[in-house]
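Each residue of the sequence shown is one higher than the last, beginning at 5 in the working numbering.
Note that CB positions come from ideal geometry on N, CA and C, so glycine has one too.
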Amino acid sequence: MSLSYQVIPVGELQCNCVILFDEKSKECFIFDPGDEKEKILDIVKKLSLKINGIIHTHAHFDHVMASSQIVKEAKSDISVYLHTEDKKLWENQEMQSASFGLNSSLDTPKVTHWLKDNQELKLAENKIKVIHTPGHSPGSCCFYIERDENPLLISGDTVFFGSIGRTDLWGGDMEQIMKSIKTKILILPNETEIIPGHGPSTSIKNEKGHNPFFI
Ligand SMILES: [Zn+2]
Ligand SMILES: [Zn+2]
Numbered sequence: 005m006s007l008s009y010q011v012i013p014v015g016e017l018q019c020n021c022v023i024l025f026d027e028k029s030k031e032c033f034i035f036d037p038g039d040e041k042e043k044i045l046d047i048v049k050k051l052s053l054k055i056n057g058i059i060h061t062h063a064h065f066d067h068v069m070a071s072s073q074i075v076k077e078a079k080s081d082i083s084v085y086l087h088t089e090d091k092k093l094w095e096n097q098e099m100q101s102a103s104f105g106l107n108s109s110l111d112t113p114k115v116t117h118w119l120k121d122n123q124e125l126k127l128a129e130n131k132i133k134v135i136h137t138p139g140h141s142p143g144s145c146c147f148y149i150e151r152d153e154n155p156l157l158i159s160g161d162t163v164f165f166g167s168i169g170r171t172d173l174w175g176g177d178m179e180q181i182m183k184s185i186k187t188k189i190l191i192l193p194n195e196t197e198i199i200p201g202h203g204p205s206t207s208i209k210n211e212k213g214h215n216p217f218f219i
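As structure tokens, this is what we get:
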């Protein structure tokens with residue numbers, strides 16, 4: 005289970021794109037390619053990785069903007085993952101970016117795999133567990149990854165360092181996000197490292213002790 009990762013903040017909203025890769029097979033998943041396709045593909049090339057798929061923690065435009073370009077430039081078929089309940093957001097990208105005062109005529113790739121809670125994805129021999137955590141958006145998901153080192157959680161815009169995702173955008177729900185975090189995230193092992201959708205990394209232990217939303 006030799007998994008490594010690189011975090012690349014991209015775009016105007018500095019979304020953390022994560023390249024998760026198996027050191028042996030060089031297969032990778034790209035999480036949330038929110039913009040700056042060149043920056044992302046440069047790293048893929050430098051590390052000689054093969055892209056197996058693009059996984060979206062949710063369908064907000066700042067996590068999606070480079071997805072289509074990456075799919076188009078790939079030499080082989082790339083799977084595209086999203087939770088079913090973010091379908092509506094996925095299909096309304098322009099309305100979303102306009103509400104942030106940004107102008108983009110964003111084209112999204114076809115979703116090839118609709119995610120479900122508790123589903124298990126595989127990257128070479130490694131298992132990635134899908135945890136559906138609605139609240140920031142209806143289809144927001146976190147991804148739990150066991151490794152030789154501390155486990156990882158890619159948390160999208162659900163949990164941040166010292167904060168949680170906003171719930172005032174379409175489909176957001178404060179009660180739901182709190183329930184998702186308390187029943188599905190804070191029960192994970194304390195040593196789990198969290199890579200949020202924006203900002204610095206943290207851990208379950210750190211958030212349990214310091215996040216003003218939970219203590
Ligand atoms: Zn978001
Ligand atoms: Zn975001």
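How big is the Cα-Cα spacing for residue i and residue j?
i    : j    : result
D177 : S80  : 38 Å
K92  : V68  : 14 Å
G160 : T88  : 16 Å
F147 : K114 : 21 Å
C21  : H136 : 19 Å
C32  : A78  : 13 Å
S103 : Q97  : 10 Å
K183 : D121 : 15 Å
P138 : S144 : 5 Å
P193 : Q10  : 22 Å
E195 : P155 : 7 Å
H202 : K50  : 24 Å
D66  : L17  : 7 Å
D39  : W174 : 21 Å
K126 : E27  : 14 Å
S167 : G213 : 12 Å
Using DSSP's beta-bridge definition, name the partner residues of residue i.
i    : result
L173 : Paired residues: none, contrary to the question.
E124 : K133
G57  : F33 and S83
F164 : S167
P138 : Note: P138 sits in no beta bridge, so no partner.
Check the Cβ-Cβ distances between residue i and every residue of chain D, and say whether any is below 7 Å.
i   : result
L51 : Looking for chain D here will not work: only one protein chain is present.
So does residue i have its beta carbon nearer than 6 Å to some heavy atom of ligand 2?
i    : result
C21  : no
G201 : yes
H117 : no
D66  : yes
Give the range of the alpha helix (DSSP H) segment to which residue i is assigned.
i    : result
L45  : K41 to K50
E195 : Here E195 belongs to no alpha helix (DSSP H), and DSSP marks it neither H nor E.
K28  : Element bounds for K28: n/a, residue is neither H nor E.
I185 : No alpha helix (DSSP H) contains I185, which DSSP labels as neither H nor E.
H214 : I208 to H214
I149 : Where I149 is concerned, there is no enclosing alpha helix (DSSP H), although the beta strand (DSSP E) it sits in stretches over C145 to I149.
M99  : Q97 to A102
K76  : S71 to E77
K92  : K91 to W94
Looking at ligand 1, does it come within less than 6 Å of residue i, judged from the CB to the closest heavy atom?
i    : result
D161 : yes
Quick one: give me the first and last residue of the beta strand (DSSP E) that residue i is part of.
i    : result
Q10  : L7 to V14
L119 : H117 to L119
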